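Asks:
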Amino acid sequence: CFCGLILFLASIIQWVDWNRYRDAVAQQIGKAIDRPVSIDQGLSARLFPSVRLEVKGLAVGNPAGNYQEHFLAVENVRFELDMGALAQGQLRIREISLERPTLQLEVDPNGSPNWESDRGLTVPVLPLPVSRVSVVDGTLTFGSGAEADRWEIRADTLAYVLPRKGQNQKGRINGQLSYAGDAIEVSGVLGSLNGLVSDQLAPVNLTFMGNGVSGSVSGVVSNLQKAPNADLHLDVSTGRLERNLTDLLPSLPWRDDAIFSGTVNATGHLVGNPGRDLRLESVRLSTTAQPFNFTAQGDLDLVPANVRLNRSMGELRLQVKHQSLQNFTSLMSLDVPTDVRVSGQGILSGQPGNFRLDQIMLIGESPHLGIQLTGSASQLGSADGPNLALNIEATSDKLTELLRQFKLEMHLNGSAQVTGALHGSDKGYRLSDLSASFEAADLTLDGTGQFDLLQKSLEGQFEFTARTGSVQSLAGSLGTQLPVDATASTNGVLTCANSSCGIELVNVRISSPQLEVSGRGQVDRLDEQPQLALNFEGHTEDIAVLAQAWGRQWLIPPHLEASVTGWLDLHGNEARLSGLVGQISGAGLSGRFTGSLIDLMHVPRPTWDLNLDVAELGQLIEYYGGPGDYHESAQIQLQVRPSDKQAVPLMVHGELLTNSLATEFAGEFEAFDNKSGFSASFVLTAEDSHELRLITGVDLPPMGRLQVTGEVSRATDTHESITGSVNLESEKLGQFAAKGVLGEQWKIGTKLELKHQVDRLSRVAAVLAIPLQGDVPLQAQAIVSTDGEKLQVTELRVTAGRNDISGEISYPLNGTDNHRQKIDGRLASEYFNLNDLFPKKEKKYLFGNEDMPLAWADSYDVDLEYSAGHLIRRNYEITDATAVLASLDGQVNIRLRGISAGGDLEVRLDLDTQVDPHPANYAYDW
């Protein structure tokens, strides 16, 4: 009967509908804990197979206050009782199982935590009559309710075996938690029976490990029933510091940054009451094996932000030693081209989402640069941050190496100093109050300005003054070779827009003994190979000296001044002058020129138009090796254009005009010097030969109106002989032609084929003042050559009507000790009638009444042989005639042999021209 009664009561408990009583149960529980409680889904009890009480949809509210969420919400709570203890009259809960619980620990703006009631009672009975508590898929959050001030830990599985009398004197906990997506295994001792009796959770000895993080927590939590107070020591080691920093400073770019991917060791002392004065004291944090290592020391206030209000979480003194400045600036989205190792410190303060770093002092050095940064960084972690406010001082005594770090190849041996202030955020920084000075052997520069360092561009200006004592050396530093040297100065403005930088040059001044230049211009493409465009005005006192300094062997008269305006363009070793307009004066010249000069640094390709007025042409001719006898004015026009021919790249056209002479020439030249190859043609017309005689210095006879045409050339690979042809047609002398080679020095290697013809011999007689007569045509030809010792006339042939003469003559080119020249000749005639050529003179005594031409005997020694088939003079005809004319030191000997009037004829004449009148020995034998 008793057993049946028990079974009956059990069946009532087992199958009764407890949901009818859930509101009443919730109300009773709420009264007991002084906060609202609700059971939303169900309440049930079971006796078999074990005594269990299940509550579904349990929600425990917050005490009175401004809180955001429930204090506790559990989808399913199961209480399993110990039947053995019940049989002995004791209430003992074998296990409390919580499925998907959410515990919200929150502090309202007044600083009141939601886990404390007005009664101040936290844990009603210590120790609790519970053996084990287990949690599946739980969540614990702590903060002020605001999303930015929220810490969340998830418990995938968690089991806590509470301490009990007689066994399990110490509570043990183990489970798997997750924080920020990382799984962490926790185990260790959490409290003891003696501790709970003393209102303490002691000892606490926990270890945790998982996904790159490990550590331990040890100490005690006292005053459990009223206001729990922590006294815990933390020791943490992690290789994933960036995960933790992301929680504190979520807006910084280190979420995916590898510079914090090393090992971090941290210790601290956690003390105080959560929600009121919880703090982490004596924090010591150090990093190892990271690209960016640092240490931190200080205290942190861990009470929720709504309790701290605007009060900082605390202060951490950060220190770095010999760390990369590039790693530091990359956090601020700044790119530093050169790396510097820095050491220094700063004080980190603020609160999650809005930290700041003050009293920054970084001192760094590299082989090329020394730098000091001071200032602050605010709004660390803010969406609008970080905001930098840094003062910069940088120095370098190895300017070449430093510029190379910025991809600038400039060999400037010297020093640099730069100061400035950097302000802004990763959306854009401003480098203001910038002051820079450079002191190098070839360049001095001072300037001020400011730049905006935007996310995708660089914008700003830098005004400067630059000076150099050697343009040539400075150009070499920039990779450009200049043949002349000078001092220079300029004011300029460096302007950057859309990350493209250029320089506007103002008041450029260049000064040297050869040249004075002023102007303004622009330098572009500084990020590649700089390009200079300079609009200039220049003046030189002596074009010849400037050309020589430039390494150009141009045939320019000395003391010729020039003033010019134009454009100079430089790109690497490429240079050009364009838009040139200038004036020339001096050395008896004045004129105007326009043009351009391409490929200035190598083989210039000029385009010139030159108009010159020459006050005295003879002075200009004398400079080029000619006579200076022509004292009249002249006009010269010269046009130069580039040619498509590589061997002769210059096309030249020129004109020379005098009072009665006009010359025009055109040709192609290798260069403007006396060694280069060329090919040219010319035309000369003159009213008479008088001006031409003065200009050339050649004793030309009167010719009347004349025209000369010709072609001359010199091969580009010989630089010596000139080949050409000349044709002269004159009113009085007929036609003259020359063709052949003129040696570099005409005495060596010259070979010319000469031809002359005139329609009447009397015209030649009238011009040459030789007593010739007759209207017969004259034709003459010969080959003239030189070998350095002699001038030889070969293949000589002259015909005048029926008369002829042929042969060869040699003439020495070099003087002798007695300053006398020796002439050798061999001449012959088939028929030579002197009566046709010379007028008959009145006969007086034995000889004709004419003077013998003997003036030549004062300077020349002659050895001349002559033969004639028929030689006729007056009424005498000599056949098979031979004659010899020999002279030495003024002693003249003449011998004539032949057949005359059927008999042999021999005539001898000896004269001494050194005595006046000349003694003569004459012999006539027939």
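If you're matching positions, the sequence shown starts at 37 in this note's numbering and goes up one per residue.
Positions of the beta carbon are idealized from the N, C-alpha and C atoms, including for glycine.
The structure presented is a predicted model; accordingly, all values stated were derived computationally and were not measured.
1. Which full runs of the beta strand (DSSP E) of 3+ residues lie inside the segment 543-567, going along the chain?
2. Have a look at PRO953 and ASP897 and give me their C-alpha separation to the nearest angstrom.
3. Where does the unbroken alpha helix (DSSP H) through LYS67 begin, and where does it stop?
4. Go ahead and pull the three-state DSSP assignment for ASN230.
5. I believe VAL581 touches GLN550 by the beta-carbon criterion, under 8 Å. Please report the beta-carbon distance rounded to the nearest angstrom.
6. Looking at VAL529: is its Cβ nearer than 8 Å to the Cβ of LEU570?
7. Measure the C-alpha to C-alpha separation of ARG114 and ALA95 and round it to an integer number of angstroms.
8. Just curious, the beta strand (DSSP E) that ARG741 is in, first and last residue?
9. Tell me the DSSP bridge mates of GLU942?
10. Smallest Cα separation from PRO21: which of LEU568, VAL650, ILE539, ARG561?
11. Should PRO422 be labelled buried (16 or more other beta-carbon atoms within 10 Å of its own) or exposed?
12. Out of PHE572, THR576, ILE546, GLY538, point me to the one whose CA is closest to LEU562's CA.
13. Tell me whether GLN950 is buried or exposed, calling it buried when 16 or more other Cβ atoms sit within 10 Å of its Cβ.
14. I need the DSSP call for ARG291, collapsed to helix, strand or coil.
15. Which whole-angstrom value describes the C-beta separation of ARG190 and SER214, a residue pair presumed to lie in contact below a C-beta threshold of 8 Å?
16. Whole angstroms are fine: how far does the CA of ASP433 sit from the CA of GLY450?
17. Extract the residue ranges of the alpha helix (DSSP H) inside the segment 104-129, only unbroken runs of 4 or more that lie entirely within it.
18. Please classify THR752: does DSSP put it in a helix, a strand, or coil?
19. What residue from GLN584, SER525, THR516, ASP173 has the CA that sits closest to GLN565's CA?
20. Shortest alpha-carbon distance to ALA698 belongs to which of VAL684, LEU728, ALA81?
21. Is the beta carbon of LEU832 closer than 8 Å to that of VAL794?
22. When the Cβ atoms of the segment 382-398 are set against those of the segment 346-360, are three or more pairs found closer than 8 Å?
23. DSSP three-state label for ASP144, please.
24. Where does GLU221 sit, in a helix, a strand or coil, going by DSSP?
25. Please state whether DSSP places ASP420 in a helix, a strand or coil.
26. Spatial neighbours of SER895 within its chain, please: CB distance less than 7 Å, with the 5 preceding and 5 following residues excluded, ordered by chain position.
27. Grab the span of the beta strand (DSSP E) containing TYR660 for me, first residue to last.
28. Determine the DSSP secondary structure at VAL161, reduced to helix, strand or coil.
29. Please go through the same chain and pick out, in chain order, the residues whose beta-carbon is closer than 6 Å to the beta-carbon of ALA774, but skip the five residues on each side of it.
30. Out of LEU764, MET739, SER679, point me to the one whose CA is closest to PHE718's CA.
31. For ALA100, does the count of other Cβ atoms within 10 angstroms reach 16, so buried, or fall short, so exposed?
32. With C-beta atoms as the reference, is VAL240 less than 8 Å away from LEU229?
33. With a threshold of 8 Å on Cβ separation, who are the neighbours of LYS681 within its own chain once the five nearest residues in sequence on each side are excluded?
34. Select from THR830, ASN839, GLY654, LEU656 the residue whose C-alpha is nearest the C-alpha of GLN815.
35. Measuring CB to CB, does ARG130 end up less than 8 Å from ARG168?
36. Is ILE428 near SER412, with beta carbons less than 8 Å apart?
Replies: The answer reads as follows:
1. Residue ranges of uninterrupted beta strand (DSSP E) with 3 or more members, entirely inside the segment 543-567 and ordered along the chain, are 552-560.
2. Working through the sequence shown from its first residue, we reach residue 953 at position 917. Working through the sequence shown from its first residue, we reach residue 897 at position 861. The alpha-carbon of PRO953 is positioned some 20 Å away from that of ASP897.
3. Stepping through the sequence shown from its first residue, residue 67 is reached at position 31. Taken as a continuous stretch (DSSP letters only), the alpha helix (DSSP H) holding LYS67 covers 58-69.
4. Here residue 230 corresponds to residue number 194 of the sequence shown, with the count starting at 1. DSSP places ASN230 in the helix class (H, G or I) of the three-state scheme.
5. Within the sequence shown, numbered from 1, the residue matching residue 581 stands at position 545. Within the sequence shown, numbered from 1, the residue matching residue 550 stands at position 514. With 8 Å as the limit, VAL581 and GLN550 qualify as a contact, their Cβ atoms being about 5 Å apart.
6. Within the sequence shown, the letter at position 493 stands for residue 529. Within the sequence shown, the letter at position 534 stands for residue 570. The criterion of a C-beta distance shorter than 8 Å is not satisfied by VAL529 and LEU570.
7. Reading the sequence shown from its first residue, position 78 is the one you call residue 114. Reading the sequence shown from its first residue, position 59 is the one you call residue 95. So the two alpha carbons sit approximately 14 Å from each other.
8. By one-based count along the sequence shown, residue 741 stands at place 705. Judged by DSSP secondary structure, ARG741 falls outside any beta strand (DSSP E); it is assigned neither H nor E.
9. To locate residue 942, count along the sequence shown from 1; it is residue 906. DSSP, once it has assigned bridges, lists ARG933, ASP961 as partnering GLU942.
10. The shown model of the chain, from 37 to 962, leaves out residue 21, and the question about it has no answer.
11. Counting from 1 along the sequence shown, the entry for residue 422 is found at position 386. Buried, because 16 or more other Cβ atoms sit within 10 Å of the Cβ of PRO422.
12. Along the sequence shown, read from residue 1 onward, the residue named residue 562 stands at position 526. Looking at the Cα atoms, GLY538 is the closest of the given residues.
13. Here residue 950 refers to the residue found at position 914 of the sequence shown. Under this definition GLN950 is an exposed residue.
14. The residue you call residue 291 lines up with position 255 of the sequence shown. Because ARG291 carries a pLDDT of 45, less than 50, the predicted location of this residue cannot be relied on, and the following value inherits that uncertainty. DSSP places ARG291 in helix when its eight states are reduced to three.
15. Mapped onto the sequence shown, residue 190 falls at position 154. Mapped onto the sequence shown, residue 214 falls at position 178. With 8 Å as the limit, ARG190 and SER214 qualify as a contact, their Cβ atoms being about 5 Å apart.
16. Taking the sequence shown and counting its residues from 1, the one referred to as residue 450 is at position 414. Taking the sequence shown and counting its residues from 1, the one referred to as residue 433 is at position 397. Cα atoms of GLY450 and ASP433: separation of roughly 6 Å, rounded to the nearest angstrom.
17. Counting whole runs of 4 or more residues, the segment 104-129 contains the alpha helix (DSSP H) stretches 119-123.
18. Translated into positions along the sequence shown, residue 752 becomes position 716. Residue state, collapsed to three classes: coil.
19. On the sequence shown, position 529 is the one that residue 565 refers to. Minimum Cα distance to GLN565 is reached at THR516.
20. Mapped onto the sequence shown, residue 698 falls at position 662. Nearest C-alpha to ALA698 among VAL684, LEU728, ALA81: LEU728.
21. One-based indexing of the sequence shown puts residue 794 at position 758. One-based indexing of the sequence shown puts residue 832 at position 796. With a cutoff of 8 Å on beta-carbon distance, VAL794 and LEU832 are scored as not near each other.
22. Three or more Cβ pairs drawn from the segment 382-398 and the segment 346-360 lie within less than 8 Å of each other, which places the two stretches in contact.
23. Reading the sequence shown from its first residue, position 108 is the one you call residue 144. ASP144 falls in the coil class under three-state DSSP.
24. In the sequence shown, the residue the question calls residue 221 occupies position 185. Strand.
25. Numbered from 1 along the sequence shown, position 384 holds the residue referred to as residue 420. Looking at ASP420 - three-state DSSP - the assignment turns out to be coil, as it is neither helix nor strand.
26. Counting from 1 along the sequence shown, the entry for residue 895 is found at position 859. Once the five neighbours on either side are set aside, the close Cβ partners of SER895 are ARG856, GLN857.
27. Position 624 of the sequence shown holds residue 660. Premise fails: TYR660 is in no beta strand (DSSP E) and is neither H nor E.
28. By 1-based counting over the sequence shown, the position of residue 161 is 125. Annotation note: pLDDT 46 at VAL161 (below 50); position unreliable, coordinate value reported separately. The three-state secondary structure of VAL161, taken from DSSP, is coil.
29. On the sequence shown, residue 774 is found 738 positions in, with the first residue counted as 1. Here the set comprises VAL762, LEU788, LEU790.
30. On the sequence shown, residue 718 is found 682 positions in, with the first residue counted as 1. Taking only the C-alpha atoms, the option nearest PHE718 is LEU764.
31. The sequence position of residue 100 within the sequence shown is 64, counting from 1. The residue in question, ALA100, is exposed, as its Cβ has fewer than 16 Cβ neighbours within 10 Å.
32. Position 204 of the sequence shown, counted from the first residue, corresponds to residue 240. Position 193 of the sequence shown, counted from the first residue, corresponds to residue 229. Cβ distance not < 8 Å, so VAL240 and LEU229 don't count as in contact.
33. Your numbering for residue 681 matches position 645 in the sequence shown. These residues qualify, in order along the chain: GLU704.
34. Locating residue 815 in the sequence shown gives position 779, where the first residue counts as 1. Nearest C-alpha to GLN815: ASN839.
35. As a first step, residue 130 must be located in the sequence shown, where it is residue number 94. As a first step, residue 168 must be located in the sequence shown, where it is residue number 132. Contact flag set, yes.
36. The residue given as residue 428 occupies position 392 in the sequence shown. The residue given as residue 412 occupies position 376 in the sequence shown. Their beta carbons are not under 8 Å apart, which means ILE428 does not touch SER412 by this criterion.
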